[in-house]
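> Can you keep this structure in mind? I'll have questions shortly.
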Amino acid sequence: FFQLRQSALKKEDADLQLEMEKLERERNLHIRELKRIHNEDQSRFNNHPVLNERYLLLMLLGKGGFSEVHKAFDLKEQRYVACKVHQLNKDWKEDKKANYI
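With the UniProt record's numbering applied, the sequence shown covers 1 to 101.
Written out as structure tokens, the structure reads:
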């Protein structure tokens, strides 16, 4: 009887561990998406402009120190692309800004 009960408890424990791992992955995805949405809301490109009369910015994919990557639609080639937009730090001196560009 005890071996049968122990076996059932081990299976239940394994099932719970799998469920916990699944929930942890889902939680991490939600956290990442919340950060992405927050960053998109804070972006100066959150109004989805057309850049260079060609690239329609659709959504922020990621953000780094001085750049953002947006999913965009290339109006000329009629396809989806990724656009990396670099931004200069306003606190940089002019010579550093010139070297960055």
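Ideal Cβ positions, reconstructed from N, Cα and C, are used throughout, including at glycine.
Quick caveat: nothing in here was measured; it's all calculated off a predicted structure.
Alpha carbon to alpha carbon, how far is Ala8 from Ala14?
Within the sequence shown, residue 8 is the residue found at index 8, counting from 1. Within the sequence shown, residue 14 is the residue found at index 14, counting from 1. Taking the straight line from one Cα to the other gives about 10 Å.
> Please specify which runs of the alpha helix (DSSP H), each continuous and at least 4 residues long, are wholly inside the region 2-50, giving them in chain order.
DSSP runs (the alpha helix (DSSP H)) wholly in the region 2-50: 2-42.
> Within a Cβ cutoff of 7 Å, which residues of the same chain sit near Lys71, ignoring the five residues on either side of it in sequence?
For this step, residue 71 is matched to residue 71 along the sequence shown. Within the same chain, Lys71 has close Cβ partners Leu58, Met59, Leu61, Tyr80 and Ala82.
> May I ask you to report which of helix, strand or coil DSSP gives Glu68?
The residue labelled residue 68 in the question sits at position 68 within the sequence shown. Looking at Glu68 - three-state DSSP - the assignment turns out to be strand.
> Roughly how far, in whole angstroms, is the beta-carbon of Phe66 from the beta-carbon of Asn89, given that I think they are within contact range, below 8 Å?
Locating residue 66 in the sequence shown gives position 66, counting from the first residue. Locating residue 89 in the sequence shown gives position 89, counting from the first residue. Their Cβ separation, rounded to whole angstroms, is 6 Å, which keeps Phe66 and Asn89 in contact under 8 Å.
> Please return the same chain residues whose Cβ sits closer than 8 Å to the Cβ of Gln17, not counting the five positions on each side in sequence.
One-based indexing of the sequence shown puts residue 17 at position 17. Nothing listed; no residue qualifies.
> Mind reading off the beta-carbon distance from Glu68 to Val50? Whole number of angstroms is fine, and I expect it under 8 Å.
Start at 1 with the first residue of the sequence shown, and residue 68 comes out as number 68. Start at 1 with the first residue of the sequence shown, and residue 50 comes out as number 50. That belief does not hold up - the Cβ atoms of Glu68 and Val50 are roughly 16 Å apart, past 8 Å.
> Under three-state DSSP, which class holds Asp95?
The residue given as residue 95 occupies position 95 in the sequence shown. The answer is helix: DSSP assigns Asp95 an H, G or I state.
> Does the distance from the CB of residue 122 to the CB of Arg54 come in under 8 Å?
The structure shown does not extend to residue 122, since the chain is modelled only from 1 to 101, so the question has no answer here.
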